[in-house]
Structures are given as C-alpha cells and as structure tokens.
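Input: a single structure, listed below in structure tokens.
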Amino acid sequence: MPKTGQDGHGSRRHSPAEEWLDARLERAAEGDQDAFADVYDTLAPPVKGLICRVLRDEAQAEEVTQDVMVEIWRTADRFRPELGGARAWVLALAHRRAVDRVRHVQASRARERRSALLAEDRPFDEVAEAVERHEDHHRVRRCLAALERHQRVPLVLAYYQGMTYLEVAACLATPAGTVKSRMRSGLHRLRTCLEARS
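Counting in the numbering used here, the final residue of the sequence shown is number 262, and the numbers go up one at a time with none missing.
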C-alpha cells in the first residue's frame, strides 16, 4: 500500500522510523511473525507505560499490555497508514483497553460492596453512634430495622462507611436525587421512631 508521507491530519511527514514501523505492522497483518515481533519489541514498552499511568497498578498493566499486543496481532489488518501512524493507532487502542479495565474494576468493586451491604444488616451499632450518639443502641437498632431497606441501606453507607450522597448513589447505582430523598425520609422516620420509644 503506498504511503502518503503524512500523519492523519496531513500536517507532518512520518520519520523513517515511523515508516518502518508502519511497514512492519502491515507485514504483521499479512501473517509475518517476524514483523510482529519487531512491532512488539518497539511498542510494548510505551504501551505498558501508558496503561500503567491509567491503571496505577503494575500487575494489571502487565496483563492489559499482553491483551493489547495479542489484539494487535489479531486485528493488524484494520490498520490504515493513510489515517495515521502505527504508534498512534496502537497507543489509542491501548488507552481504550486501559479505560475499559478501570471501568470494569470500579463496577466490580461497586457490585461487591452493594451485595455485601444489601445481604447483611449487621452494622447497626456503628450506625447508631453516628445517627444518635446519646440514644440507647438497642432502640436505635430496632428503629433502623423497622425502616424499609431502600431507606436503611443509604443511611448505613453514609454514617457507617462515611460516604457522601454521590458516593452512596454510585455504590447503589441509584440517582443522587433519589438517594438524598430516601436518606431524608429515612432519617425522619428514624427520629420519629426514637422519639416514640423514649
């Protein structure tokens, strides 16, 4: 395939090294394993550096780097040198994969925290201290237990875990306005219950 001698914006000519890398990636797309080895040796270090900056985790960065390099081997035929150089194409792919991993990890952690909190109602003593320090823990525990789950769980997260409205909303995958409303109504019912039992 003929080279344009320019990058994707048509404003800068490729250096000899970039043209060599473009050619090696094109050869890799045709199944040339030696060409791919050259691409790997040249681009794996900057790919890992980029991914590590996004993930801030050496082990995960290594894993994602290997995934990216395998994907390059599998999809090298999608590379179009007339749209930009091989280095830019590979680094863009690496950045997308790193961001995907961050989102996956965050979603997994949120699901784990949500499942644990929804499955257990144990932190009532700690909530009691934060919600009403001078009340009897037994009464607070009973009043919390009387709340509907959708009101109780946000209060547990906010007072026991020290989360903000936005953090609670993210953890429960619920709009912040809904969480704020549920917490407000939950606190009102909690105070009413505590006053009735005093």
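Even glycine gets a Cβ: it sits at the ideal position worked out from N, Cα and C.
Through-space distance from residue j to residue i, alpha-carbon basis
i: GLN130; j: VAL217; result: 40 Å
i: LEU236; j: THR228; result: 12 Å
i: PRO110; j: ALA240; result: 39 Å
i: PRO80; j: GLY149; result: 12 Å
i: ARG255; j: SER249; result: 10 Å
i: GLU146; j: ALA171; result: 37 Å
i: VAL347; j: ALA260; result: The requested residue 347 does not occur in the structure, where the chain is confined to residues 65 to 262.
i: LEU157; j: ARG144; result: 14 Å
i: TRP137; j: ARG173; result: 31 Å
i: ALA209; j: ARG142; result: 58 Å
i: LEU251; j: ASP105; result: 60 Å
i: THR238; j: ARG253; result: 21 Å
Short Cβ contact (9 Å threshold) for residue i with residue j
i: ARG151; j: LEU107; result: yes
i: VAL103; j: VAL154; result: yes
i: HIS12; j: LEU114; result: No statement about residue 12 is possible, as the shown extent of the chain runs from 65 to 262 and does not include it.
i: LYS112; j: GLU135; result: no
Terminal residues of the alpha helix (DSSP H) in which residue i lies
i: ASP102; result: 97–119
i: LEU147; result: No alpha helix (DSSP H) contains LEU147, which DSSP labels as neither H nor E.
i: PRO80; result: 80–93
i: LEU211; result: Neither: LEU211 is in no alpha helix (DSSP H) and is coded neither H nor E.
i: THR43; result: The first residue shown for the chain is 65 and the last is 262, placing residue 43 beyond what the model contains.
i: ALA234; result: 229–236
Residues near residue i in its chain [Cβ-Cβ closer than 7 Å; skip 5 each side]
i: ALA140; result: LEU89, ALA92, ALA93
i: ARG246; result: HIS214, GLN215, PRO218
i: ARG165; result: LEU119, GLN124, VAL128
i: LEU221; result: LEU181, MET227, VAL232, CYS235
i: ALA99; result: ARG88, ARG91, ALA92
i: GLY95; result: none
Distance between beta carbons of residue j and residue i, contact taken as under 8 Å
i: VAL132; j: ARG161; result: 5 Å
Contacting residues, own chain, Cβ-Cβ under 8 Å from residue i (five flanking each side not counted)
i: ASP121; result: none
i: VAL163; result: VAL118
i: VAL243; result: PRO218, TYR229, VAL232, ALA233, LEU236
i: GLN97; result: none
Nonlocal neighbours in the same chain, by C-beta distance under 6 Å from residue i, ignoring five residues either side
i: GLU82; result: GLY149
i: CYS116; result: ALA125
i: ALA101; result: none
i: GLU184; result: Bear in mind that a pLDDT of 44 at GLU184, under 50, signals an unreliable position, so the number given afterwards is only what the model happens to contain. The answer is none, since no qualifying residue turns up.
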